[in-house]
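Colleague:
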Amino acid sequence: MTDRPVLVFDSGVGGLTVLREARVLMPDRRFVYVADDAGFPYGAWAEEALSSHIVTLFRELLEKYDPEIAVIACNTASTLVLAALRAAYPDTPFVGTVPAIKPAAERTHSGLVSVLATPGTVRRQYTRDLIDEWASKVHVRLVGSENLAALAEAYMRDGFVDEEAVKAEISPCFVEMDGRRTDIVVLACTHYPFLANRMRKTAPWPVDWLDPAESIARRALSLLRPRRRRDMFANSVGADIAVFTSGAPDNAARRLMQGFGLYPEKQAVSVDIGYGIP
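Residue 271 in the UniProt record's numbering is what sits at position 271 of the sequence shown, and the numbering runs on without skipping anything.
1. Determine the extent of the alpha helix (DSSP H) in which TYR89 is found, giving its start and end residues.
2. Please report the residue range of the beta strand (DSSP E) in which SER114 lies.
3. Could you round the C-beta distance between ALA104 and ILE184 to whole angstroms and report it? I think they count as a contact, below 8 Å.
4. Going straight from the alpha carbon of ALA152 to that of PHE194, what length do you get?
5. Which class does ALA196 belong to by DSSP, given the choice of helix, strand or coil?
6. Where does the unbroken beta strand (DSSP E) through ALA217 begin, and where does it stop?
7. Among ALA196, LEU142 and ASN251, whose alpha-carbon lies nearest the alpha-carbon of CYS173?
8. Let me check one thing: in DSSP terms, what residues is ALA35 bridge-paired to?
9. Evaluate TYR33 with the Cβ neighbour count: other Cβ atoms within 10 Å of its Cβ, from every protein chain shown; 16 or more gives buried, anything less gives exposed.
10. How far does the beta strand (DSSP E) with ARG157 in it reach, from first residue to last?
11. Determine, using beta-carbon pairs with one atom in the stretch 248-260 and one in the stretch 87-107, whether at least three such pairs fall under 8 Å.
12. Return the Cβ separation of PRO264 and PHE244 in integer angstroms, given the expectation that the two are a contact with Cβ distance under 8 Å.
13. Assign SER236 to buried or exposed, taking buried as 16 or more other Cβ atoms, counted over all protein chains shown, within 10 Å of its Cβ.
14. Let me confirm a value: TRP24 is counted as buried when at least 16 other C-beta atoms fall within 10 Å, else exposed. Which label applies?
15. From the DSSP secondary-structure annotation, give me the bridge partner or partners of TRP134.
16. Could you tell me the alpha carbon to alpha carbon distance between THR76 and THR118, rounded to whole angstroms?
17. In the DSSP assignment, what are the bridge partners of HIS139?
18. From LEU82 to ALA168, what distance separates their C-alpha atoms?
19. Given PRO204, which residues of its chain have a CB within under 6 Å of its CB, disregarding the five upstream and five downstream residues?
20. Ignoring anything shorter than 4 residues or poking outside the stretch 43-77, list the alpha helix (DSSP H) runs there in chain order.
21. Count the other CB atoms within 10 Å of the CB of GLU21; is the residue buried (16 or more) or exposed (fewer)?
22. Is the Cβ-Cβ distance between ALA73 and GLY15 less than 8 Å?
23. Assign PRO5 to one of two classes, buried (16 or more other C-beta atoms within 10 Å of its C-beta) or exposed (fewer than that).
24. Does the Cβ-Cβ distance between CYS187 and LEU116 come in under 8 Å?
25. State the Cα-Cα distance for the pair ARG230 and ASP3, rounded to the nearest angstrom.
26. What are the partner residues of PRO264, as DSSP defines its beta bridges?
27. Where does ARG30 sit, in a helix, a strand or coil, going by DSSP?
28. Which residue wins for smallest C-alpha separation from THR108, given the options VAL8, PRO27, LEU221 and ARG180?
29. Opposite ARG123 in the DSSP bridges: which residues?
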């Protein structure tokens, strides 16, 4: 029986932060990383069209790769379409990525927390429900960044980012109120941890940047069936692959994936993504 992989899905390269943690916890597992670069950025989509696109895309991904579990390593997609994916494909366990509002509310000393996310995640009722449920006694500022995910994509591909541009995107996160200051910023997009060092450098004061990648990886591990001893180290080096939905990643993207031990497939998935983009 063929070893079934763990599928990690994101709109671009942000999910590599989750993949990195998953590999630490699951060194004996095989991974398929899917970058929906044909649909990036998700913020350009109408919600209904994006939901339909992702659910349709997963029909082919599940048929082609037969993963044991699928990790949606994207806050924007998870807060929108996770329930629809579980309803459409009940035989596949899905692990989502949602803003780490509960742990932020538990850890804050000042009572001032900011959630740095894409505009889509900020708009979701799901996000506001998390605040109502877990952070009702904490002041939470939602900050929707238009450009940070694209800055992270460019940084990972090219190795350079404009620090002033990063500073402008994160500055609304820093709140002073009644002698207190924001002490936790939730990174509610898997792209953002790649810019964490630049954020620390340009921040007006130190804060705890909360990255949920390890928690997501631990949740995925908890849902996997224990492996038989004879299968523990069956995977060969280079077995992990990267799938680009465009089928045409540039050289920088290929080098990035290879740097993560992922080898791009040449054939794209065949879902038409031309609809639903304004």
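Glycine included, C-beta positions come from ideal geometry on N, C-alpha and C.
Modeller: In short, the structure shows the following:
1. Counting along the chain, TYR89 falls outside any alpha helix (DSSP H), and DSSP gives it neither H nor E.
2. 112-117 is the span of the beta strand (DSSP E), which, as asked, contains SER114.
3. Between ILE184 and ALA104 the Cβ distance is about 5 Å, and since that is below 8 Å, they are a contact.
4. The alpha-carbon of ALA152 is positioned some 6 Å away from that of PHE194.
5. For ALA196, the secondary structure class from DSSP, reduced to helix, strand or coil, is helix.
6. Not the beta strand (DSSP E): ALA217 falls in the alpha helix (DSSP H), residues 213-223.
7. Of ALA196, LEU142 and ASN251, the residue nearest in Cα terms is LEU142.
8. Assignment of beta-bridge partners to ALA35 by DSSP yields ASP10 and PHE244.
9. Buried.
10. First-last for ARG157: 148-158, but that is the alpha helix (DSSP H), not the beta strand (DSSP E).
11. Not touching, per the Cβ criterion.
12. Yes, PRO264 and PHE244 are in contact; Cβ-Cβ is about 6 Å, under 8 Å.
13. Legend: pLDDT at SER236 = 45, less than 50; position of this residue unreliable, value from coordinates given subsequently. Only exposed fits SER236, as fewer than 16 other CB atoms lie within 10 angstroms of its CB.
14. A small fix is needed here, since residue 24 is Val in this sequence, not Trp. Its Cβ having fewer than 16 others within 10 Å, VAL24 is exposed.
15. Paired residues: none, contrary to the question.
16. Roughly 7 Å between the two C-alpha positions.
17. HIS139 is bridged to LEU112.
18. One C-alpha to the other measures close to 31 Å.
19. Excluding positions up to five away in sequence, the list reads PHE174.
20. Look at the stretch 43-77 and you find these whole runs of alpha helix (DSSP H), each 4 residues long or longer: 47-65.
21. It counts as buried.
22. Taking 8 Å as the Cβ cut-off, ALA73 and GLY15 qualify as a contacting pair.
23. Classification for PRO5: buried.
24. Checking the sequence, you will find Leu at residue 187 rather than Cys. Closer than 8 Å, so yes.
25. Any reading at ARG230 must be qualified, since the residue scores a pLDDT of 47, below 50, and its modelled position is unreliable; no value is offered.
26. DSSP output for PRO264 lists ALA242 as bridge partner(s).
27. Collapsing the DSSP output to three states places ARG30 in coil.
28. Between THR108 and the set VAL8, PRO27, LEU221 and ARG180, the nearest pair of CA atoms involves ARG180.
29. Here ARG123 is not bridged, per DSSP, to any residue.
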